[in-house]
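My numbering puts the first residue of the sequence shown at 1, with every later residue one more than the last. Even for Gly, the Cβ is constructed at its ideal location relative to N, Cα and C. None of these values were measured; they are calculated from a predicted model.
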Amino acid sequence: MAIAIAHGKGSRQGRSSALPMAIAIVVVCVLLAAEPGSASSRHGVRSPRRSFGRMYRVGDNGMWMLGSKVSYNKWAASKIFRQNDKLLFTFNPTFHNLMLVSAADYMRCSPRKPMVIYTKGKIDFTLAKKGTYFFICGIPGHCQAGMKMAIKVL
Ligand SMILES: [Cu+2]
Numbered sequence: 001m002a003i004a005i006a007h008g009k010g011s012r013q014g015r016s017s018a019l020p021m022a023i024a025i026v027v028v029c030v031l032l033a034a035e036p037g038s039a040s041s042r043h044g045v046r047s048p049r050r051s052f053g054r055m056y057r058v059g060d061n062g063m064w065m066l067g068s069k070v071s072y073n074k075w076a077a078s079k080i081f082r083q084n085d086k087l088l089f090t091f092n093p094t095f096h097n098l099m100l101v102s103a104a105d106y107m108r109c110s111p112r113k114p115m116v117i118y119t120k121g122k123i124d125f126t127l128a129k130k131g132t133y134f135f136i137c138g139i140p141g142h143c144q145a146g147m148k149m150a151i152k153v154l
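Take a look at the structure:
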């Protein structure tokens, strides 16, 4: 790409400017290519105006499981979630699921009337609205054993 553009400019502006132009374009391309890895993660954290949400792996490692090292609600309390942020849940669908439930069902760990049930092992959940989302695992006993999490979205 850089060569083609440099060539076009060169024919009009003469050979002397073609090489610096090509170098400038290459530098710009390299900077743009480097952007997603380095800059977006840093700017994403600090920028007050965020048009894109941030991705959070639940419990930091993303595992929705029994015996998580950190309580999901303690983990959630350590974050500030905003509209359009995302939660990434990873779990073994043979043993677990993910349910979005009402506050009442969350309180009593009831999997009887989930608003949504997710059974694929990798869920990328967008916190589309302000308010509180209530998640549980619907497998008997798992919610009581800690697979529950309330996420407040500001
Ligand atoms: Cu479970």
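Evaluate the contact criterion for the segment 106–114 versus the segment 71–86: three or more CB pairs, one atom per stretch, below 8 Å.
Fewer than three beta-carbon pairs drawn from the segment 106–114 and the segment 71–86 are found closer than 8 Å, and the two stretches are therefore not classed as touching.
heavy atom of ligand 1 below 6 Å from Cys109 C-beta
No, ligand 1 has no heavy atom inside 6 Å of this Cβ.
Only counting the same chain, and skipping five residues up and downstream in sequence, which positions put a Cβ closer than 6 Å to that of Asn84?
Answer for Asn84: Gly53, listed in chain order.
Of all the alpha helix (DSSP H) runs that stay within the bounds of the segment 83–111, which reach a length of 4 or more residues?
Annotation: the segment 83–111 contains the following complete segments of the alpha helix (DSSP H) (minimum length 4 residues), in chain order: 103–107.
In or out: Gly131 buried (at least 16 other Cβ within 10 Å) or exposed?
Gly131 should be labelled exposed.
According to the Cβ coordinates, are Asp124 and Leu98 closer than 7 Å?
7 Å or more divides the Cβ of Asp124 from the Cβ of Leu98.
Based on DSSP bridge pairs, tell me the residues matched to Val58.
Its beta-bridge partners do not exist; DSSP assigns none.
Contact under 7 Å by Cβ, Phe91 with Val153:
Cβ distance not < 7 Å, so Phe91 and Val153 don't count as in contact.
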